[in-house]
Every structure is written in C-alpha cells, then in structure tokens.
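> Let me give you the structure first, and then I'll get to my questions.
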Amino acid sequence: APIHTYQVCKVMEQNQNNWLLTSWISNEGASRIFIELKFTLRDCNSLPGGLGTCKETFNMYYFESDDEDGRNIKENQYIKIDTIAADESFTELDLGDRVMKLNTEVRDVGPLTKKGFYLAFQDVGACIALVSVRVYYKKCPSVIHNLAHFPDTITGGDSSQLLEVSGVCINHSVTEEAPKMHCSAEGEWLVPIGKCLCKAGYEEKNNTCQVCRPGFFKASPHSPSCSKCPPHSYTLDEASTSCLCEEDYFRKESDPPTMACTRPPSAPRSAISNINETSVFLEWIPPADTGGRKDVSYYIACKKCSSHSGLCEACGSHVRYLPQQTDLKNTSVMMMDLLAHTNYTFEIEAVNGVSDQNPGARQFVSVNVTTNQAAPSPVSTVKKGKITKNSISLSWQEPDRPNGIILEYEIKYFEKDQETSYTIIKSKETTITADGLKPGSAYVFQIRARTAAGYGGFSQRFEFETSPLDKNTLLLWLFFGFFSFSRRCGYSKAKQDPEEEKMHFHNGHIKLPGVRTYVDPHTYEDPNQAVHEFAKEIEASCITIERVIGAGEFGEVCSGRLKLQGKREFPVAIKTLKVGYTEKQRRDFLGEASIMGQFDHPNIIHLEGVITKSKPVMIVTEYMENGSLDTFLKKNDGQFTVIQLVGMLRGIVSGMKYLSDMGYVHRDLAARNILINSNLVCKVSDFGLSRVLEDDPEAAYTTRGGKIPIRWTAPEAIAFRKFTSASDVWSYGIVMWEVMSYGERPYWEMTNQDVIKAVEEGYRLPSPMDCPAALYQLMLDCWQKDRNSRPKFDEIVSMLDKLIRNPSNLKTLVNASTSNLLVEHSPIGSSAYRSVGEWLEAIKMGRYTEIFMENGYSSMDAVAQVTLE
Numbered sequence: 001a002p003i004h005t006y007q008v009c010k011v012m013e014q015n016q017n018n019w020l021l022t023s024w025i026s027n028e029g030a031s032r033i034f035i036e037l038k039f040t041l042r043d044c045n046s047l048p049g050g051l052g053t054c055k056e057t058f059n060m061y062y063f064e065s066d067d068e069d070g071r072n073i074k075e076n077q078y079i080k081i082d083t084i085a086a087d088e089s090f091t092e093l094d095l096g097d098r099v100m101k102l103n104t105e106v107r108d109v110g111p112l113t114k115k116g117f118y119l120a121f122q123d124v125g126a127c128i129a130l131v132s133v134r135v136y137y138k139k140c141p142s143v144i145h146n147l148a149h150f151p152d153t154i155t156g157g158d159s160s161q162l163l164e165v166s167g168v169c170i171n172h173s174v175t176e177e178a179p180k181m182h183c184s185a186e187g188e189w190l191v192p193i194g195k196c197l198c199k200a201g202y203e204e205k206n207n208t209c210q211v212c213r214p215g216f217f218k219a220s221p222h223s224p225s226c227s228k229c230p231p232h233s234y235t236l237d238e239a240s241t242s243c244l245c246e247e248d249y250f251r252k253e254s255d256p257p258t259m260a261c262t263r264p265p266s267a268p269r270s271a272i273s274n275i276n277e278t279s280v281f282l283e284w285i286p287p288a289d290t291g292g293r294k295d296v297s298y299y300i301a302c303k304k305c306s307s308h309s310g311l312c313e314a315c316g317s318h319v320r321y322l323p324q325q326t327d328l329k330n331t332s333v334m335m336m337d338l339l340a341h342t343n344y345t346f347e348i349e350a351v352n353g354v355s356d357q358n359p360g361a362r363q364f365v366s367v368n369v370t371t372n373q374a375a376p377s378p379v380s381t382v383k384k385g386k387i388t389k390n391s392i393s394l395s396w397q398e399p400d401r402p403n404g405i406i407l408e409y410e411i412k413y414f415e416k417d418q419e420t421s422y423t424i425i426k427s428k429e430t431t432i433t434a435d436g437l438k439p440g441s442a443y444v445f446q447i448r449a450r451t452a453a454g455y456g457g458f459s460q461r462f463e464f465e466t467s468p469l470d471k472n473t474l475l476l477w478l479f480f481g482f483f484s485f486s487r488r489c490g491y492s493k494a495k496q497d498p499e500e501e502k503m504h505f506h507n508g509h510i511k512l513p514g515v516r517t518y519v520d521p522h523t524y525e526d527p528n529q530a531v532h533e534f535a536k537e538i539e540a541s542c543i544t545i546e547r548v549i550g551a552g553e554f555g556e557v558c559s560g561r562l563k564l565q566g567k568r569e570f571p572v573a574i575k576t577l578k579v580g581y582t583e584k585q586r587r588d589f590l591g592e593a594s595i596m597g598q599f600d601h602p603n604i605i606h607l608e609g610v611i612t613k614s615k616p617v618m619i620v621t622e623y624m625e626n627g628s629l630d631t632f633l634k635k636n637d638g639q640f641t642v643i644q645l646v647g648m649l650r651g652i653v654s655g656m657k658y659l660s661d662m663g664y665v666h667r668d669l670a671a672r673n674i675l676i677n678s679n680l681v682c683k684v685s686d687f688g689l690s691r692v693l694e695d696d697p698e699a700a701y702t703t704r705g706g707k708i709p710i711r712w713t714a715p716e717a718i719a720f721r722k723f724t725s726a727s728d729v730w731s732y733g734i735v736m737w738e739v740m741s742y743g744e745r746p747y748w749e750m751t752n753q754d755v756i757k758a759v760e761e762g763y764r765l766p767s768p769m770d771c772p773a774a775l776y777q778l779m780l781d782c783w784q785k786d787r788n789s790r791p792k793f794d795e796i797v798s799m800l801d802k803l804i805r806n807p808s809n810l811k812t813l814v815n816a817s818t819s820n821l822l823v824e825h826s827p828i829g830s831s832a833y834r835s836v837g838e839w840l841e842a843i844k845m846g847r848y849t850e851i852f853m854e855n856g857y858s859s860m861d862a863v864a865q866v867t868l869e
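Position one of the sequence shown corresponds to residue 1 (the numbering used here), numbered consecutively onward.
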C-alpha cells in the first residue's frame, strides 16, 4: 500500500480487545514526553449492520521500564494515557473519492522516573488506521546570551515548571553576578538574571569579546568599549588595560585611567607685594600652564636673607600666614610677624596633583622685599618682685619681636576699678617700682615698649595687690597723714629713679607735664636754632645732584645720591632754595625741614638732613621713585588690585595717625602731597601749610589768611578757618576718593564756590567706579558735617587692617553711577527721619512705602540692615 499503517476494523464482532505495542523507547533523560498520533477513523453510521458493536475511539497506554524486559507484562499493568477520539471520521463515500481524513492528536506524559517506556494502543471495536506515531521531548536549545553560554536543557517534568540554568561566561569575559536563565516547559528561555562583561582589554562586538587594538585600552569590564588613549599617553600592546604616560607627563594614583596624563604647572605670574611695617601682602596671577589639571594650589616658602653675606635661611615658625602657608587655593596671602628692617625672599610655588612625581620640574616666582620700620610687639611676661604696703616692684622680658632697639618702656597703672585716674612711668630698664600706693589695694599694670618707630601695643593687664596694714600702723598712718596734710602746701615730687619719668592722668588730662610733643619751629626767634635742633647738617661734598625732577615753591627739586661716611651711597631727593631769596623765604624753606626732622615714621617722608653752611641751601630727603601719588595713579589707571589700593590708603592713614598722636595738623592732605616709592609705600610729605595743634584736643589753629585747598578742606575749616585732626580726617576721605578713582580731580570742573555751596547743602562726592561699598562708606563717615562724628585716624587704621585681613569684605561694590552728579549724604537709620515713609519721601521714593512695609521694613533700623543685594 502507498501508506504504511497499522489498522483494524472488526466492527461486526463483539468484545474486541486488540493491542499494538511499541518496542522499548529510551527517554534520553527527559522527564516529560509528548506523543503525536496521526490516524483515520470510519464513521460507524457508514457501516451497515455494525452499529451494535462499532466504536469511534481507541485507548493509549504507557508502561515505564529501565530495560526491555518489561515487554511481556500484563495489560492491566499499563497506565492509561487517554481515550482518543477522532475529530474527523470518513464514510464509504469518502473511500470512493479516495479522500483520507487524517486526525492528529498530541498527548503528554510525565513526570517519568525510569530510563525508558513502552507505548500501547488498545482497540475495542473501531475501524481505525494508525498512520504515524511520533514520540518526542522538548528542550531549550543551546544559546549565547549576555556573553554567557547556556547548554541544551531538557524541559522539566511539570508542565508549569521553570528550570533555572546557570550560564558560563564565554572567552575573555567575566562576571560579578552569575548569569542565569530559566527553561520553560515549552522549551523557551525566560527570565535572564546577571550577565557577563568583556574583561579589561576586550570589548563586546557581535556577541563576542574582541581584543583592544594597540593605541586603545579598556580599563574595566564595566567600560562600554575600547577607548583611544587619552592625551599625552600611549600603548603599543593589544588587550591594554591602561595607557602609559609620555615622558615628563604623569598620572596621580587616584586619577582615572581615562584622564589625560598631566604635568606640574608653570610658575605663578606677576607677583606683587604690599609692605605694611612688618606684614607683607603677596598677590599673583595663576600660572599660564596649569599642567592640564584643575587641582592647582600654592605653597609659600619664606627665607630671611642677610644683606651682607647674601645667605638666606628659613624664616622659622614665628611667621604667621593668613589664611595659610600650604595648600592655598586663592592667589593671595598675608605674612605677619616678620622682623623689621629685614630682607626677605618669598618663593610662590604652584603645585598640582603630579608635582611630587617630578620634583625637578617644580617652578616658582620669587619676590624680594625689605620690611619697614615697625613698633615692637607687646610685652608678654611680667613678674612681681618685692611688694610692700605702699609699693610694688615688677620686672619683665623684652618683647618677642622688638623690631629694633628698645628706647624705653612705658608702664601704665591704676587702682582696680579706677581706670580713669592712672599713672604712667617711663623707664629705660626692664624693672620698676611703683610707690605711693594704698595698702591692701589691688592695682592693674600694663607695659608697652618704644623704638624709633613708636610705641607698640600695651601688654595684657597684670593685677597685683599691696600688703595690708596692721592695726597699729594704720592708726599711726592716719595721724601722720592728717598732720602732713595740714602742714603741706604745694607740690612735692616723688622720689624716683633718674632713668624714670612719671606722669599722672585723670579723666584723660595730664596732671604732670612730661610728654614731648611736636614743637612749632615758628616759635623760635632764630630759625637756624630750630633747624639745627631738629635736622642734621650734611657736608655739600657728600651730595651728588644728577637731574632736575620738578619745581617747588622755593626752587628746583632734584634727584641725586648721598654718600655718608661708613655707609653705602644711596638715592635722595634734594630741594634747593633759588638764588636771590629773601630772609623770610629762607626761614619758610628751612621751616619745613625743622618740621620733618621731628618725625620718624615709615609713612612720613624721612629727612636725611640740610645744607645751610654753603649755597645753594638744600633740604635732603629720601628718594621716592614713583613721585607724587596723584600723577602715579593717573599713569597707571586701572592697573592695581583693590587690596593694593587699600594698602596705599593704609600707609597714608598710618602716617596721619602718627602726626595726630604728635598733636599735629597737616592742613593740606591731598594725593599730590603723598609720595610713593617702588614698593608702593605711600608717605605723607609737604609740610608747608602744616601747623601745630595745642595740647588741648579741642583747640584749633586759626590761620591769619592764606590760601586754603577748598576741594580737600572740611567745611568748618573753610567757614571759620578752624583746623583740627578732624579736618585732616575730612581731607583723608577726599584722598581715599582720589586713590579709588585713580587720580580723578575732586568735584571735577565745578568752581570752588560751587563746591563750598554743594557741600554745605549736604551733597557728597559719588562713589568712584568699582569702589567697594565698605570703602565708600568710610569716605562718607570722614565727610560727616559734625566733626565730632568723624572717625579718628586710629579707628580708620583698624578698619583698613580688618579689610586687608578679610579681602572678601571688599567684593561688594557700590552700584555704578550713571552720571557725575554729586550724591546727597544723609545716612539712613539716623535720627534725621522718624519713619520709613518720611525717609522715602525725602529721597523722592514715597510711592514705594507700601512695598517696604509689606516686606517687613517698617522701621529705620530695619532699613539700615538692607544689603546691596
């Protein structure tokens, strides 16, 4: 027959039980097998006479066995799989047409537990032909997924079971989490977990791991692909996990391998210094080449150098650095507590993360400075000596930083809680005995030292107590005290060491004179006596005049050199008295020398001496390379940092504080009368208009006519010709404005009369461009109409020192003015306005009153707290 079948058709006979049995089938490890049957079945209705016995179903059975010996077992030991019925049956008519209606049925069996099985088919009276029996199992096929190989996996015995299968990473791949997939009963891979990654030096392509070519690298399995070597690095090998740095280039240990190789930075640039007595402020520009890194910081090396041998040594631990010496992130630093009159070299080195790997490539910029004269540091240790009922003896150590030769000590003491009434003793020794004290009383002592630069600060307070009186002594003391009081008349000078000088003060007024202050040379009948008392005579042969640098009121101003015996030749400025002078001109000319000769301060022009015994008559001063401050600023418009400008202002006010402490009023303080040297140190000069201020701090000098520099002069000095240190403070505010505007003319082209009228009406100069708000506020404070409201020079010194120590306070700028109009100075928060609304109306902004109130600014105190932002 063309189709090979097993068939049976005994439909006419009763009780049919026909069996067909397969040979033993190995299950090949499968625990669930599938049986696909293809068969034909005749419709019983098409069989005449067979309806009583004809069936249209047959049964399928199986029996498990580990070997072929189970073939002859009994029928009842077989396990029934199912009764199989046909979806399509055929009739005799169909046979005539040769149409075979083939049925297909699939059944599954499991779980199987033995190595193999038999299948059996039972016919119970059907007309059936079994065309094919296909026996199979399902498996998940071998696959590579996420770079892991999963083998052929036979499905589980349960129709809903998922088998977990572990994968194996293919060549050159690794894993952190073992790759797994799940094989379903239908032979499908489901639910992948974990994956493999191509190891360092290999990348994934087409589901395989391929080696990185030379010039490329992959540092980690987690990197997506091979990368080209970063700048300044290379690799010549396949499968590279990193690239080597080129010569002179380096990589920090913590740098990722994907980062370019870098090198140490070049040296910082354009380092400048600003010297303030024994402090030096350094500022610089970052290096042109950072080496390709962002982690640049700076290190400051400090060396103290001998001017004779030229040898240098480390500065030592006493020097303080603000904010710090190493790992500096910003481009400025302040060195404090240096020695006075000492040569220093500061090396500013830029370093980055790879500087340590190439020490030979480290570069720095050097700055050489010489510190100025400075007052000594405070006395730190005071020890008590002998103590009696009426005296206390003390001794102390010289200050840690004398900054020169100690000329004398000043000891201030007072009875505890009686600070307004105190006594001052001056001594050249480091011991004193304070006598005339009350028995059994506590006294407070403070000590300060003086050098040629002036007094240092007072020490901390030291408290000591005199011995108490016994009862008998007390009675005797009262008796003699009363007796001596009733008999004594006048003043009896206390017994004291000839090296000591004692002064008593009460409520700020001296009770016993003894303080040497400035002496007005105009009070001398013979001006020559004043000159020779305060100025040193120089031999004309010691002077070499080189060139004319300007013209003064009395003659030419020249530069030249001075060679004194035993000293090196050094540059000086020489003022000459023109030929044909009158005696009054000579007296006025030498009067300035008599004034200068009394001053000794680093910010006051230093007088070297005079030449009066030959012609021309000359005044010789130190040479200031950069000339007058106003001209210098105009030439260098915009060239300085704010800190440098503040350093200049600090020097000027330091000199003015010294003059004020001497009881001296300058009267002509202006940028044109400030000289500046190559280190940007400013010094007050031109004492032609200057006059003495009497001992009484409220006294003022009244001029007898003469010209007044209107634009720089306080309103009370213009109106009443009353000059005080407070009027000098006004002038200092104008100088501040000149410095911050780089030599701009105050009040521009306004006439003097317009200036006087505007100032009297309350108008003040506007802020210079890019001026820090803190500095402009200080100017406005100096321009207070009430002279008693203006700050004192020592207060201004303190303010500027704070700004220099905290440069961040200089970053807030005054809003740039759109015009050159003067601004009215009426400080908010003052008693001038009773309410916010009144103040806003006064400045023509009344329409904003409601907005101020809504935002919480309901009082003048709240408004005063408004910041520029």
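All residues carry an ideal CB built from backbone N, CA and C; glycine is no exception.
Please list, in chain order, all residues of the same chain as residue 402 whose beta carbon is under 6 Å from its beta carbon, the five residues on each side excluded.
Once the five neighbours on either side are set aside, the close Cβ partners of residue 402 are 376.
> Spell out a yes or no on whether the stretch 46-64 and the stretch 123-140 are touching, meaning 3 or more CB-CB pairs, one atom from each, closer than 8 Å.
Output reads yes: the stretch 123-140 touches the stretch 46-64.
> Going by Cα to Cα distance, which pick from 217, 343, 298 is closest to residue 323?
Ranking 217, 343, 298 by Cα distance to residue 323 puts 298 first.
> Can you tell which of 132, 168, 782 has its C-alpha closest to the C-alpha of residue 147?
The shortest C-alpha separation from residue 147 is found at 168.
> Nearest to residue 746 by alpha carbon, out of 252, 396, 225, 672?
Measuring from the Cα of residue 746, the nearest candidate turns out to be 672.
> Give every residue of the same chain whose Cβ lies closer than 6 Å to the Cβ of residue 591, excluding the five residues on either side of it in the sequence, and list them in chain order.
These residues qualify, in order along the chain: 521.
> Whose C-beta lies closer than 6 Å to the C-beta of residue 600 among residues of the same chain, with five residues either side of it excluded?
These residues qualify, in order along the chain: 452.
> Residues in the same chain with beta-carbon distance under 7 Å from residue 755, minus the five sequence neighbours each way, listed in chain order, please.
Hits under 7 Å: 710, 711, 747.
> Assign residue 203 to one of three DSSP states: helix, strand, or coil.
The answer is strand: DSSP assigns residue 203 an E or B state.
> Using the beta-carbon count (16 or more within 10 Å), is residue 516 buried or exposed?
Only weak support is given to the placement of residue 516: the predicted model assigns it a pLDDT of 47, under 50, and the question is left unresolved by the model.
> State the CB to CB distance for the pair residue 810 and residue 684, rounded to an integer number of angstroms; the pair is presumed to be in contact (CB under 8 Å).
Not really, about 24 Å apart at Cβ, beyond 8 Å.
> In the DSSP output, which residue or residues are listed as bridge partners for residue 772?
In DSSP, residue 772 forms a bridge with 813.
> To the nearest angstrom, how far is it from the Cα of residue 17 to the Cα of residue 29?
Cα-Cα distance, rounded: 33 Å.
> Short check: CB of residue 455 to CB of residue 448, under 8 Å?
Result yes, Cβ atoms of residue 455 and residue 448 sit closer than 8 Å.
> To test your reading of the DSSP string, which unbroken alpha helix (DSSP H) runs of 4 or more residues are found completely within the stretch 713-744?
Runs of the alpha helix (DSSP H) inside the stretch 713-744: 715-720, 725-740.
> Around the Cβ of residue 575, are there at least 16 other Cβ atoms within 10 angstroms (buried) or fewer (exposed)?
The residue in question, residue 575, is buried, as its Cβ has 16 or more Cβ neighbours within 10 Å.
> How about residue 896 and residue 270: are their beta carbons less than 8 Å apart?
With the chain represented from 1 up to 869, any question about residue 896 goes unanswered, as that position is not in the structure.
> Using a 10 Å radius around the Cβ and a threshold of 16 neighbouring Cβ atoms, would you call residue 405 buried or exposed?
The residue is exposed, with fewer than 16 neighbouring Cβ atoms inside 10 Å.
> On the CB-based measure, 16 or more other CB atoms within 10 Å of its CB, does residue 19 come out buried or exposed?
It counts as exposed.
> Any chance the stretch 649-656 sits against the stretch 601-609, with 3 or more Cβ pairs inside 8 Å?
Touching, per the Cβ criterion.
> Can the beta-carbon of residue 589 be found less than 8 Å from the beta-carbon of residue 554?
Contact: yes.
> DSSP three-state call for residue 469: helix, strand or coil?
Here residue 469 sits in coil by DSSP.
> Straight-line CA distance for residue 424 to residue 341?
Straight-line Cα distance between these residues: approximately 30 Å.
> Tell me the residue span of the alpha helix (DSSP H) that contains residue 645.
First-last of the alpha helix (DSSP H) with residue 645: 642-661.
> Quick one, which of 414, 848, 667 has its alpha-carbon nearest residue 725's?
When each option's Cα is compared against that of residue 725, the closest is 667.
> What whole-angstrom Cβ distance do residue 261 and residue 232 have, given they're in contact under 8 Å?
Contact holds; Cβ gap of about 4 Å.
> By how many angstroms is the C-alpha of residue 426 removed from the C-alpha of residue 499?
Unreliable placement is indicated for residue 499, whose pLDDT of 49 sits below 50; no coordinate value is reported for it.
> Tell me which same chain residues have a C-beta within less than 6 Å of the C-beta of residue 617, skipping the five on either side of it?
Cβ neighbours of residue 617 beyond the five flanking positions: 577.
> Starting from residue 108, trace the beta strand (DSSP E) in both directions and tell me its first and last residue.
Where residue 108 is concerned, the enclosing beta strand (DSSP E) stretches over 103-109.
> Quick one: is residue 696 buried, meaning 16 or more other Cβ sit within 10 Å of its Cβ, or exposed?
Low local confidence applies: a pLDDT of 37 at residue 696 is under 50, so the model's placement there is unreliable, and no value is given.
> What ranges does the beta strand (DSSP E) occupy inside the stretch 143-214, keeping only unbroken runs of at least 3 residues that lie completely in it?
Listed in chain order, the complete beta strand (DSSP E) runs (minimum 3 residues) inside the stretch 143-214 are 143-145, 148-150, 163-166, 173-183, 189-198, 202-205, 208-211.
> At a cut of 8 Å, does the stretch 433-446 reach the stretch 412-421 through at least three beta carbon pairs?
Touching, per the Cβ criterion.
> If the criterion is Cβ atoms closer than 8 Å, does the pair residue 265 and residue 235 meet it?
Contact: no.
> Using three-state DSSP, classify residue 871 as helix, strand or coil.
Outside the shown range of the chain, which is 1 to 869, sits residue 871, and nothing can be said about it.
> How long is the line joining the alpha carbons of residue 850 and residue 627, rounded to whole angstroms?
In a straight line, the C-alpha of residue 850 is about 55 Å away from that of residue 627.
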